[in-house]
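> Those sequence lines, one after another, are chains Z and C.
Okay, so the first sequence: first residue is 1 according to UniProt numbering, each after it adds one.
Okay, so the second sequence: first residue is 1 according to UniProt numbering, each after it adds one.
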Amino acid sequence: MGVEYKTHLGSVIRDLPVLPVAAAGHLSLNTPVGSCVDHFGRVWLADTSHNRLLVMDAELETILMVFGSTGSGDRQFNMPFRLLPHPEKRYIYVTDIGNHRVHILSYDENTITPISTFGDTSNIDLKGPNGIVYYRGQLCVADEFYEGPDGVSRLAVFRDDGEYLYDIHQITGYKTPVELLWPQGLSVDRQGRIYIANTGFNTVVRCDWQGNGVAFSSTGKPYIDGLELARDVAIIQGRVLIPGGKSNAISVYSQNGVSQGALAGYFSPIQITEFPQENTFLVTEPILASLQLHKANLRRVQHGRDIYPDVLAQVGDERDSKGQLHFATSAAGDITPERRSASTAQSPTMMPWFSQEQVGHLKQQQEKFLKLTEIPGMPTWLNMGLNWQMEWMQRWQRSWLSLFMPSSNSVEDESLWVVDAGNYQLQSTDNLKSNSLRSASMPLLPGSLGVTSLTPLNPLPGQFDPDIPLLVVSNFLSGIVTIYQYHPFYKELIPYTVFGSLGHFPWQLNKPQGLAIDPVSRDIFIADSGNNRIARWRLNRLGIVGLVDTFGTLGDGDDQFHTPSDIAVSDDGLCYISDQFNHRIQVTDLQGRPVRRFGQPGYGTDDDHFLLPTSVEFEQGYLFVSDLVNRAVKVFDRNDQCVSAFAAFGADSSKGQLWMPYLMHVRNRRIYLPDCALNRVNVYHFDAGDHA
Amino acid sequence: MSVFTRAAAKRRKDQQQLERQGSSMGAVSEADSEELLETIRDVIRKTATEPNVDRGVAVEQLSRLQEKHHKLLAGKCITGS
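#1: By Cβ distance below 6 Å, which residues in the same chain neighbour Z/Val-625 in space, the five residues on each side in sequence not counted?
#2: Using 8 Å for Cβ pairs, my map puts Z/Leu-547 next to Z/Pro-506. What's the rounded Cβ distance?
#3: What do you reckon, are the CB atoms on Z/Gly-450 and Z/Gln-513 nearer than 9 Å?
#4: Going by other Cβ atoms of all chains shown within 10 Å of its Cβ, with 16 needed for buried, is residue 705 of chain Z buried or exposed?
#5: Taking Cβ-Cβ distances below 9 Å as the criterion, which residues of the segment 554–583 of chain Z are in contact with chain C?
#6: Please confirm if the segment 120–132 of chain Z is in contact with the segment 140–155 of chain Z, defined as three or more CB-CB distances below 8 Å between the two stretches.
#7: Among Z/Trp-537, Z/Pro-85 and Z/Ser-529, which one has its Cα closest to the Cα of Z/Ser-521?
#8: Using the rule of at least 16 other Cβ atoms within 10 Å of the residue's Cβ for burial, across every protein chain shown, is Z/Leu-386 buried or exposed?
#9: Assuming Z/Thr-605 and Z/Ala-632 form a contact by the criterion Cβ under 8 Å, report the distance between their Cβ atoms to the nearest whole angstrom.
#10: Can you give me the C-alpha to C-alpha distance between Z/Glu-61 and Z/Ala-22, rounded to a whole angstrom?
#11: Compare the C-beta of Z/Ser-49 with all C-beta atoms of chain C and state if any pair is closer than 9 Å.
#12: Where does C/Val-3 fall in DSSP's three states?
#13: From the DSSP output, in three-state form, read off Z/Phe-145 for me.
#14: Using alpha carbons as the reference points, say which of Z/Gly-602, Z/Leu-623, Z/Asp-687 and Z/Val-681 lies closest to Z/Asn-151.
#15: Where does Z/Pro-376 fall in DSSP's three states?
#16: When the distance is taken between beta carbons, is Z/Ser-153 closer than 9 Å to Z/Pro-177?
#17: The beta strand (DSSP E) with Z/Leu-502 in it runs from where to where?
#18: Let me know the beta strand (DSSP E) ranges lying completely inside the segment 113–137 of chain Z, each 3 residues or longer, listed in chain order.
#19: If you run the structure through DSSP and keep just helix, strand and coil, what is Z/His-50?
#20: Give the DSSP bridge partners of Z/Thr-95, in chain order.
#21: Would you mind sorting Z/Asp-74 into buried or exposed? The rule is 16 or more other CB atoms within 10 Å of its CB.
#22: For Z/Gln-365, which three-state DSSP category applies?
#23: Applying the 10 Å Cβ sphere with the 16-neighbour rule, what's the burial state of Z/Lys-246?
#24: Can you list, in chain order, the residues of its chain whose CB lies under 6 Å from that of Z/Tyr-622, leaving out five sequence neighbours each side?
#25: Could one say the Cβ of C/Arg-12 lies closer than 9 Å to chain Z's Cβ atoms, at least one of them?
#26: Give the range of the alpha helix (DSSP H) segment to which Z/Ser-434 is assigned.
#27: If you run the structure through DSSP and keep just helix, strand and coil, what is Z/Ser-355?
#28: Note down, in chain order, all residues in the segment 439–451 of chain Z with a beta-carbon under 7 Å from any beta-carbon belonging to chain C.
#29: Spell out the partners DSSP gives Z/Ser-153 in its beta bridges.
#30: Quick check on Z/Leu-444: buried or exposed, where buried means 16 or more other Cβ atoms within 10 Å of its Cβ?
#31: Buried or exposed: Z/Glu-179, going by 16 or more other Cβ atoms within 10 Å of its Cβ?
#32: I'd like to confirm the pairing. Which residues does DSSP put opposite Z/Ser-653 in its beta bridges?
#33: Are Z/Leu-291 and Z/Leu-282 touching if we call contact CB-CB under 9 Å?
#34: How about the segment 413–423 of chain Z and the segment 316–325 of chain Z: do they share at least three Cβ pairs that are nearer than 8 Å?
#35: Taking 9 Å as the CB-CB cut-off, is C/Arg-41 touching chain Z?
#36: Do you know whose CA, among Z/Arg-239, Z/Gly-500, Z/Gly-226 and Z/Gln-620, lies nearest C/Arg-20's CA?
See the structure below:
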């Protein structure tokens, strides 16, 4: 019995021409996080999921140097995260979070040389080095996943040569000690005070180098509160900048803790780095796979006013090459039920639509199209502008041809759909080759997130081919759920029906995520995460969709949830809900009545300790749970006993490691787990030991 | 009680407060969402219930729907492009 990593889907495009080379058209980034500016004024970027550093000119036009590969050697990384230049020496510190260490690299105009690493020895044993700051010969490192008493994280202080000095486990000097949980970004002001993005509590904490809290005068507290998210902090132009403090924005506070307003118009920014030109700063947008240089006068951000910075430059090509994923959020299979039972390689229901002549013509068109899309540097939007409809029609036809007329190397039951959210599309494959994904739909609405397939019990009015399941897609941004069907005459995926809309009323949704279909009734269950409830909808035999019920409210009681992110429905009529921020799995009946719950908050890779369990699937008597912070896939039997697990944190594709796993799909004990930060779908197999 | 439980309690409290302030929604407003819903319904009427509609017209409908949603978000996001 065990869970074994098999392979991954999603092309990796990290090769670069001979350097130096223009960044535009040559640089595909994979969830970049850290940035800094060196003594020559050049920009360094941690291309985190590619396990490398890039050095560019100050204009962000030319790639000058690249350093690093995947591994644990002295020139290797496993998720290089934050970068810090030494103020006097030509050193760059790199937190190498997956290898639990910090690099010291020296550099000159042409070369980068590893000096040493620190933090991974047994006496220090960093668990998740993230943010790093320097002041007067000392370094402070945020150890995000350190597990101290009661689970608290820590700051670790070193000399600038990497010699360990001491830990800070709590921030003292306030009424009660301020605990650290999952501290990420750090910053330091001119007085040497440390600012900590204390992500677990959604606060920004301020302290000195002994861990004494330094209160903000406006509140008397050593932390800024009321943030939507706190994963980084930067002190720039005398202001405290908090990316994500407010959704789609960078919150701006004065140093006495008063909210001034925000820099608006961002997607999900993480690190801000001051740039050596007036009012300019670098911003990494990991999900957009982009580094941008912005200009804004922060003194204009006051009295609650929001301003939009000017974008001076940016790097990072579209992640839309063949087989490449951009923020993969969910996967669905079981889309060709007829094919599964057929021994031949083609579907009797589909083939009559295509004569051999048509097939030949389509293949010629596809080849032409694929050559067009392979032109380096031609972004998706330009292709779309040139011939928008033709592009998507051909992509769609190619996909359906490949699914229903499998290639000679395709294997039964491997057809899969993946929501490629950053490219606003579904991708599909019929085999497990890493570069086999292909665009397969008209553009989805931006914000599309969860997907599942639905085979109604009876053919529906207006359903063009009942043998082909419908696809149900949730939209996180608009609160809308769309049910698509394949239209054989248009040869397009078209909306069959739609429901939801953003809001709190029972018929509305707020940040819907995972979806599940009751295998008996075929009712649609939706994890309505922003409303902290589950919504149950039904597509009746007339093809009319209607709300059945909702259940759950915000809380940690028996019938309550805190950001339920996914749901699975078992064949015996139980709902398994990943109650994400309560760190537990809730089990209810189909009406939402609590049956039981299991799991307890905490670190653990092969037990019922959960930290932000994000996705659940039920198949063949087993419950599969993707446990985000533990970076684990855990398998439970019907008695809620963990019978097997796979856990690995990092960005090494050869080892099945995980960073931000999202909504999972399980079919025939094969686990398809999209990782929206690594931009791939990891495939594992669960062997139950019964030769199933 | 562990730090995880204490942090979860604080986040719940924060969420309640944000909901009271009405700031827990994302980039799309309720009115935007309603409008999108109606637009999709309109596309369904035109693509699914009218059997004689030209394919090009149907694709155009779907394209406009996506563009509309995209523009709605693009107006609120800066991406440099």
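Heads up, the beta-carbon is just placed ideally off N, CA and C, and yes, glycines get one too.
With the given structure in hand:
#1: Here residue 625 of chain Z refers to the residue found at position 625 of the first sequence. Excluding residues within five positions, the ones whose Cβ falls inside 6 Å are Pro-613, Val-616 and Lys-634.
#2: Here residue 547 of chain Z corresponds to residue number 547 of the first sequence, with the count starting at 1. Here residue 506 of chain Z corresponds to residue number 506 of the first sequence, with the count starting at 1. About 6 Å; that satisfies the 8 Å criterion.
#3: Position 450 of the first sequence, counted from the first residue, corresponds to residue 450 of chain Z. Position 513 of the first sequence, counted from the first residue, corresponds to residue 513 of chain Z. Contact flag set, yes.
#4: Summary: the structure shown does not reach residue 705 of chain Z, with chain Z confined to residues 1 through 692, and so no result is reported for it.
#5: Leu-554, Gly-555, Asp-556, His-562, Thr-563, Phe-581, Asn-582 and His-583
#6: yes
#7: Taking the first residue of the first sequence as position 1, residue 521 of chain Z is located at position 521. Residue Z/Trp-537 is the option with its Cα nearest to Z/Ser-521.
#8: Residue numbering aside, residue 386 of chain Z sits at position 386 when the first sequence is read from its first letter. Its pLDDT being 31, under 50, Z/Leu-386 is placed unreliably in this model, and the value from its coordinates should be taken loosely. When all chains shown are included, Z/Leu-386 counts as exposed.
#9: Translated into positions along the first sequence, residue 605 of chain Z becomes position 605. Translated into positions along the first sequence, residue 632 of chain Z becomes position 632. Going by Cβ atoms, the distance from Z/Thr-605 to Z/Ala-632 rounds to 5 Å, so yes, they are a contact pair.
#10: By 1-based counting over the first sequence, the position of residue 61 of chain Z is 61. By 1-based counting over the first sequence, the position of residue 22 of chain Z is 22. Straight-line Cα distance between these residues: approximately 6 Å.
#11: Within the first sequence, numbered from 1, the residue matching residue 49 of chain Z stands at position 49. Output row for Z/Ser-49: interface = no.
#12: The count along the second sequence starts at 1 and reaches residue 3 of chain C at position 3. Three-state DSSP puts C/Val-3 in a helix.
#13: The residue you call residue 145 of chain Z lines up with position 145 of the first sequence. Correct three-state label for Z/Phe-145: coil.
#14: Translated into positions along the first sequence, residue 151 of chain Z becomes position 151. The residue you asked about is not Asn; residue 151 of chain Z is Gly in the sequence shown. The residue with the shortest Cα to Cα distance from Z/Gly-151 is Z/Gly-602.
#15: For the purposes of this step, residue 376 of chain Z is taken as residue 376 along the first sequence, with counting starting at 1. In this prediction, Z/Pro-376 has a pLDDT of 38, which is less than 50 and means its spatial position is unreliable; what the coordinates show is noted afterwards. In this structure, DSSP gives Z/Pro-376 a state outside helix and strand, which the three-state scheme calls coil.
#16: On the first sequence, residue 177 of chain Z is found 177 positions in, with the first residue counted as 1. On the first sequence, residue 153 of chain Z is found 153 positions in, with the first residue counted as 1. It is not a contact, given that the beta carbons lie outside the stated cut-off.
#17: Locating residue 502 of chain Z in the first sequence gives position 502, counting from the first residue. Looking at the DSSP string, Z/Leu-502 is not in any beta strand (DSSP E), and its letter there is neither H nor E.
#18: List check, beta strand (DSSP E) in window: 129–135.
#19: By 1-based counting over the first sequence, the position of residue 50 of chain Z is 50. Residue state, collapsed to three classes: helix.
#20: As a first step, residue 95 of chain Z is located in the first sequence; it is residue number 95 there, counting from the start. Looking at the DSSP output, Z/Thr-95 shares a beta bridge with Z/Val-102.
#21: Here residue 74 of chain Z refers to the residue found at position 74 of the first sequence. So Z/Asp-74 counts as exposed.
#22: Here the question's residue 365 of chain Z lines up with position 365 in the first sequence. With a pLDDT of only 41 at Z/Gln-365, under 50, the local geometry of the prediction cannot be trusted, and no value is derived from it.
#23: As a working note, residue 246 of chain Z is residue 246 in the first sequence. Buried, by the Cβ-count rule.
#24: The count along the first sequence starts at 1 and reaches residue 622 of chain Z at position 622. Contacts found: Val-635.
#25: Start at 1 with the first residue of the second sequence, and residue 12 of chain C comes out as number 12. C/Arg-12 counts as touching chain Z.
#26: Numbered from 1 along the first sequence, position 434 holds the residue referred to as residue 434 of chain Z. Element bounds for Z/Ser-434: n/a, residue is neither H nor E.
#27: Counting from 1 along the first sequence, the entry for residue 355 of chain Z is found at position 355. Since pLDDT at Z/Ser-355 reaches only 39, below the 50 mark, its modelled position is unreliable, and no value is offered.
#28: Met-442, Pro-443, Leu-445 and Pro-446
#29: Within the first sequence, the letter at position 153 stands for residue 153 of chain Z. Paired residues: none, contrary to the question.
#30: The count along the first sequence starts at 1 and reaches residue 444 of chain Z at position 444. Buried.
#31: Mapped onto the first sequence, residue 179 of chain Z falls at position 179. Buried is the call here.
#32: The residue you call residue 653 of chain Z lines up with position 653 of the first sequence. Per DSSP, none; premise fails for Z/Ser-653.
#33: Mapped onto the first sequence, residue 291 of chain Z falls at position 291. Mapped onto the first sequence, residue 282 of chain Z falls at position 282. Yes, Cβ-Cβ distance for Z/Leu-291 and Z/Leu-282 is below 9 Å.
#34: yes
#35: Residue 41 of chain C sits at position 41 when you count from the first residue of the second sequence. For C/Arg-41, a Cβ of chain Z is located within less than 9 Å of the residue's own Cβ.
#36: Within the second sequence, numbered from 1, the residue matching residue 20 of chain C stands at position 20. Looking at the Cα atoms, Z/Gly-226 is the closest of the given residues.
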